[in-house]
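**Q** If you're matching them up, the sequences are chains A and B in order. Going by the numbering used here, the first residue of the first sequence is number 1080, and it counts up by one from there. Going by the numbering used here, the first residue of the second sequence is number 2, and it counts up by one from there. Every residue gets a Cβ at the ideal spot worked out from N, C-alpha and C, and that includes glycine.
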Amino acid sequence: MEYVLTTQNLTKIYRHAAAVDRVSMHVRRGDIYGFVGRNGAGKTTVMRLICGLAGKSGGSYTLFGKRDDARGIDAARRRVGAIIEAPSVFPEYTARENLQVQCAALGAEEGNITALLEYVGLAETGRKKARNFSLGMRQRLGIAAALVGSPDLLILDEPTNGLDPQGIVEVRELLLRLNREKGITVLISSHILGELSKLATAYGFIEKGALVKEISARELEDACRKSVHITVSETEKLPYIFERSLGLTEFKILSAAEADIYGDVKIGQLALALHAGGIELLRVQEKDEDLEGYFINLVGGER
Amino acid sequence: MKALLRADLYRLFRSKFFYILLIVSFALALITFLLYLAISEISEGEDGLMPFVMTAEQLQMLSFDGTIGYMAAIAAAIFVCGDYSGGGMRNKVVIGCGRRKIFYSKLIAVSFASVCIYIAIQIVVFVLGGGAFGWEGASAYHVISRFIAGLFMSLACAAIFTSVALLVQKLSSSLIFGIVVIFAVTMIVSLLSVAASMLDSAAFDWIYKIFARLTPMGQNSLLMAGEDDYWVLTAISAAWVLLAVFAVPVWFKKRDIK
């Protein structure tokens, strides 16, 4: 499996408090990696560390196979585009001029500017200064600036923050196109989980500076599927009872006393069938989570 | 580095503040010139007044009135901190431009701006002052050496205030720090100078000269007073630039970028 970015026990300490606590994350090539956490959980700090904007207190990270302390790390960074906290936009310049500055800094050809502006939907802005852009337009201009060097990895910190619904959709569509058409890997942080769930192919959940869990979208989908979690006296005969008596095919035996049944289950029938099979039903719990529910369960829910 | 410099110069030439600073510096030098021209004309026409003889060399000495220090501080704060607030600095670090190169590029751009401002002031001295007052009694060696000392003083100011802006990162803090430092140094130099002459104390004179020589803002007062150890002043200014070139990247590397 090819990773474009991995961190190994990455740590950042501010005044004796760990803002990032031994984070080990893995971003695969082609993924849209949703970085999920509450405000102040450490998402931005992790991104700032990866982007070289802040110095680490411990651990390391590897970008395109180069460790952060290796000589070639600057060359690896050339393959990264990022928007951290706010898009890099000079308000007194037009969209084209902003990209010209970015091209100059990168030593990139200015020939791609028109195509880039068209790609992000800003080709018609003409002489309009960036200070007069809407938040969504600024965000798209920021993304265009991040795309100037034709990056392989795009790091976006809360790119939909403050956007209206139309702006959110525009940014989402743009990111999906970039991922599908140009094969750009995206690391995106957000606390608008519903929005993230429409994009991400992998997730990392961070809480109080520590990475609580990494999970693929498919695994998350499984975990969030509507199911009934049962606790019983024994699970040995359960498959037989499920299949023969109840006609259930989708279930998972979790332990000697626990099992998950997917789909709609009639609890009365289930209880009768188990009783008839000599199994005592001790506890029934319905599960119907979305990403938000999963996250709250994962981090404990308390503030 | 070349690409970074291109981007910084692109921003500098498109910045209206650069042109405003140039115009203000030129205007201040012009006002000084016109003032002395008027005094000279009046003293010539009026009987009973002591004749006021002004030369272009005196105007050159008077041009070291501290303007360049303030202008360099303002230019560095606006140019460097503007890049921070626009997110350009973050972008450059993220895309692997290298912090050392980023600093050098900023240093060259601000130095260029400071030299332009210095030249705008010196144009008034050489073109208008030379034309109106003449260079009678002036030594070419002194005039040229003084010009070079002033040039290096401008570069030293640019190096100091670019470093401050780069490390402070915030426009208001950088501006306040720069202006307060210039004001404080000028004040201390003036007090030491007054103390040295009023008390006729060799110790105060010694402290004054050391302090004034060591700081580009203090060097102004020496050049204005007609001090002629230009090469010592030039060397000290060059040392400030070298200090910035070698020390600031080490410090900058450890700083978190806003």
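Residues in its own chain within less than 6 Å of B/Trp252 by CB, not counting five upstream and five downstream?
**A** Answer for B/Trp252: no residue qualifies.
**Q** Return the chain-ordered list of same chain residues with a C-beta closer than 6 Å to the C-beta of A/Ala1155, the five sequence neighbours on each side being excluded.
**A** Taken in chain order, the residues that qualify are Leu1142, Phe1143, Lys1145.
**Q** Which ranges does the alpha helix (DSSP H) cover as unbroken runs of at least 4 residues, wholly within the stretch 70–114 of chain B, from first to last along the chain?
**A** You should have 89–95.
**Q** Report yes or no: is there a C-beta of chain B within less than 8 Å of the C-beta of A/Ser1268?
**A** For A/Ser1268, the answer is no, since every Cβ of chain B falls outside 8 Å of its Cβ.
**Q** Would you verify that the beta carbon of A/Glu1381 is, or is not, closer than 8 Å to some beta carbon of chain B?
**A** Residue confidence for A/Glu1381 is low, a pLDDT of 49 falling below 50, so the modelled location carries little weight; the figure read from the coordinates is stated next. So, not an interface residue.
**Q** I'd like to know if B/Leu186 contacts chain A, where contact means its C-beta is closer than 8 Å to some C-beta of that chain.
**A** For the sequence presented, residue 186 of chain B should be read as Val rather than Leu. Closer than 8 Å: no.
**Q** Just how far apart, CA to CA, sit B/Val190 and A/Gly1137?
**A** Using only the alpha carbons, I get a separation of about 47 Å.
**Q** Could you list which residues in chain A have their beta carbon closer than 8 Å to that of B/Ile21, in chain order?
**A** The premise fails here: B/Ile21 is roughly 14 Å from chain A at the closest Cβ pair, so nothing lies under 8 Å.
**Q** Starting from the beta carbon of A/Val1159, find every residue of chain B whose beta carbon is closer than 7 Å, and list them in chain order.
**A** What A/Val1159 touches in chain B: Val95, Ile96.
**Q** Pairing CB atoms from the stretch 213–233 of chain B with CB atoms from the stretch 150–163 of chain B, are three or more of them under 8 Å?
**A** With the cut-off at 8 Å, the stretch 213–233 of chain B and the stretch 150–163 of chain B touch.
**Q** Taking the alpha carbon of B/Glu228 as the reference point, which residue from B/Val81, B/Val54, B/Gln59, B/Ile40 has its own alpha carbon closest?
**A** Nearest option by C-alpha distance: B/Gln59.
**Q** For A/Thr1328, count neighbouring Cβ atoms within 10 angstroms of its own Cβ and tell me buried if that reaches 16, exposed if not.
**A** It counts as exposed.
**Q** For A/Leu1242 and A/Gln1218, which I take to be in contact (beta-carbon distance under 8 Å), what is that distance rounded to the nearest angstrom?
**A** Contact flag correct, Cβ pair sits at about 7 Å.
**Q** Over the uninterrupted alpha helix (DSSP H) stretch that includes A/Tyr1082, give me the two end residues.
**A** Where A/Tyr1082 is concerned, there is no enclosing alpha helix (DSSP H), although the beta strand (DSSP E) it sits in stretches over 1082–1093.
**Q** Give the straight-line distance between the Cα atoms of B/Thr33 and B/Ser155, rounded to the nearest whole angstrom.
**A** Each residue's alpha carbon lies about 19 Å from the other.
**Q** Is it true that the CB of A/Gly1228 sits closer than 8 Å to the CB of A/Gly1109?
**A** Against a cut-off of 8 Å, the Cβ pair of A/Gly1228 and A/Gly1109 comes out as no contact.
**Q** Here's the rule I'm using: 16 or more other beta-carbon atoms within 10 Å means buried, otherwise exposed. How should A/Ala1194 be labelled?
**A** By the 10 Å Cβ count, A/Ala1194 comes out exposed.
**Q** Would B/Tyr11 and A/Val1106 qualify as a contact pair, given that the criterion is a beta-carbon distance under 8 Å?
**A** No; because the gap between Cβ atoms is not below 8 Å, this pair is not in contact.
**Q** DSSP three-state label for A/Ser1312, please.
**A** Correct three-state label for A/Ser1312: coil.
**Q** Please give me, in chain order, every unbroken run of the alpha helix (DSSP H) with length at least 4 that falls completely inside the stretch 1259–1286 of chain A.
**A** List check, alpha helix (DSSP H) in window: 1272–1276.
**Q** Since A/Val1291 is in the beta strand (DSSP E), which residue starts that stretch and which ends it?
**A** Unbroken beta strand (DSSP E) run through A/Val1291: 1289–1295.
**Q** Applying the 10 Å Cβ sphere with the 16-neighbour rule, what's the burial state of A/Pro1170?
**A** Under this definition A/Pro1170 is an exposed residue.
**Q** Note down, in chain order, every chain A residue with its Cβ under 9 Å from the Cβ of B/Lys255.
**A** Within 9 Å Cβ-Cβ: Gly1134.
**Q** Do you know how far the Cα of A/Ala1279 is from the Cα of A/Gly1113?
**A** A/Gly1113 and A/Ala1279: Cα-Cα distance of roughly 5 Å.
**Q** Considering only their Cβ atoms, is the gap separating B/Ala76 from B/Val111 smaller than 8 Å?
**A** Yes, Cβ-Cβ distance for B/Val111 and B/Ala76 is below 8 Å.
**Q** State the CB to CB distance for the pair A/Phe1177 and A/Leu1220, rounded to an integer number of angstroms; the pair is presumed to be in contact (CB under 8 Å).
**A** With the sequence shown as reference, residue 1177 of chain A is identified as Asn, and Phe is not the correct amino acid for it. Confirmed, about 6 Å.
**Q** Across which residues does DSSP place A/Glu1365 in a beta bridge pair?
**A** The partner list for A/Glu1365 (beta bridge, DSSP) reads A/Val1307.
**Q** In this structure, how does DSSP classify B/Lys210 when only helix, strand and coil are distinguished?
**A** DSSP places B/Lys210 in helix when its eight states are reduced to three.
**Q** For A/Lys1091, does the count of other Cβ atoms within 10 angstroms reach 16, so buried, or fall short, so exposed?
**A** Per the 10 Å Cβ criterion, buried.
**Q** Have a look at the DSSP bridge pairing and note the partners of A/Lys1145.
**A** A/Leu1142, per the DSSP bridge assignment.
**Q** Using a Cβ-Cβ distance cut-off of 8 Å, determine whether B/Ala166 contacts chain A.
**A** Output row for B/Ala166: interface = no.
**Q** Determine the DSSP secondary structure at A/Ile1358, reduced to helix, strand or coil.
**A** Coil.
**Q** For B/Ile21 and B/Ser86, I'd like the C-alpha separation in whole angstroms.
**A** Taking the straight line from one Cα to the other gives about 20 Å.
**Q** Can you list, in chain order, the residues of its chain whose CB lies under 8 Å from that of A/Phe1330, leaving out five sequence neighbours each side?
**A** Result list for A/Phe1330: Leu1317, Pro1318, Phe1321, Ala1338, Asp1339, Ile1340, Tyr1341, in chain order.
**Q** Relative to the C-alpha of B/Ala78, which residue among B/Ala139, B/Leu13, B/Ser41, B/Val54 is closest?
**A** Comparing Cα-Cα distances from B/Ala78 to each of B/Ala139, B/Leu13, B/Ser41, B/Val54, the minimum goes to B/Leu13.
**Q** Curious, which full-length alpha helix (DSSP H) runs of at least 4 residues does the stretch 1215–1260 of chain A contain?
**A** If we require 4 residues or more, the alpha helix (DSSP H) runs fully inside the stretch 1215–1260 of chain A come out as 1244–1260.
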